[in-house]
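In our numbering, the protein residues as written are 3 to 143.
Where is the CB? At the ideal position from N, CA and C, for every residue including glycine.
Some notes on the structure that comes next.
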């Protein structure tokens with residue numbers, strides 16, 4: 003998987019807000035399994051928000067344990083921030099079999115909160131969902 007420096011720069015851009023990344027997540031969600039020539043005019047913010055709320059707990063469980071980053075994530079944190087981004091992107095795309103159109107906004111949303119702060123967030127316990135299934139079967143559309 004090749005991630006362009008421009009994508010990493012976008013993730014690190016402090017001027018791109020959480021709302022921007024929620025919108026991008028909605029776009030990625032809608033187009034993930036669509037034909038390449040498909041064009042939609044949909045409420046991407048709404049889809050992104052719903053999708054993020056649905057997967058947030060699962061992503062948190064994947065990256066964090068006991069309000070701290072998991073060991074494999076800690077190793078990435080100790081290095082260059084670009085390696086952290088690429089490492090988490092690679093892990094998320096491999097685990098959930100999703101494309102960069104979804105994975106990049108997910109990583110951006112986590113990085114925007116600061117990974118250590120993100121791990122301190124408390125989510126109500128709930129059943130872990132299958133993100134791949136949600137995307138493949140358009141569960142929130």
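Checklist entry - Which residues in the same chain as residue 23 place their Cβ atom closer than 6 Å to its Cβ, once the five residues preceding and following it in sequence are excluded? => result Within the chain shown, numbered from 1, the residue matching residue 23 stands at position 21. 107, 110, 111.
Next on the checklist: Taking a contact to mean a Cβ-Cβ separation below 9 Å, would you say residue 34 touches residue 137 in this structure?
Outcome noted: The residue given as residue 34 occupies position 32 in the chain shown. The residue given as residue 137 occupies position 135 in the chain shown. A contact, by the Cβ cut-off of 9 Å.
Item to check | Best match in 26, 6, 121 for proximity to residue 76 [C-alpha to C-alpha] | outcome: Looking up residue 76 in the chain shown gives position 74. Among 26, 6, 121, the Cα nearest to that of residue 76 belongs to 121.
Checklist entry - If you drop the 5 nearest sequence neighbours on each side, which residues of the same chain put their C-beta closer than 6 Å to that of residue 26? => result Position 24 of the chain shown, counted from the first residue, corresponds to residue 26. Around residue 26: 107.
Next on the checklist: Here's a check: name, in chain order, each residue in its chain whose Cβ is nearer than 6 Å to the Cβ of residue 90, leaving out the five neighbours to either side.
Outcome noted: The residue labelled residue 90 in the question sits at position 88 within the chain shown. Taken in chain order, the residues that qualify are 109.
Next on the checklist: Can you tell me whether residue 129 is helix, strand or coil according to DSSP?
Outcome noted: Residue mapping note: residue 129 aligns to position 127 of the chain shown, counting from 1. If DSSP states are grouped into helix, strand and coil, residue 129 belongs with coil.
Checklist entry - Based on the DSSP secondary-structure assignment, which residues constitute the bridge partners of residue 45? => result As a first step, residue 45 is located in the chain shown; it is residue number 43 there, counting from the start. None; residue 45 has no bridge partner.
Checklist entry - Does the distance from the C-beta atom of residue 97 to that of residue 64 stay below 9 Å? => result Residue mapping note: residue 97 aligns to position 95 of the chain shown, counting from 1. Residue mapping note: residue 64 aligns to position 62 of the chain shown, counting from 1. It is a contact, given that the beta carbons lie within the stated cut-off.
Checklist entry - How big is the Cα-Cα spacing for residue 99 and residue 57? => result Translated into positions along the chain shown, residue 99 becomes position 97. Translated into positions along the chain shown, residue 57 becomes position 55. Each residue's Cα considered, the two are about 14 Å apart.
Checklist entry - Which value, in whole angstroms, describes the spacing of the CA atoms of residue 104 and residue 31? => result Residue mapping note: residue 104 aligns to position 102 of the chain shown, counting from 1. Residue mapping note: residue 31 aligns to position 29 of the chain shown, counting from 1. Taking the straight line from one Cα to the other gives about 6 Å.
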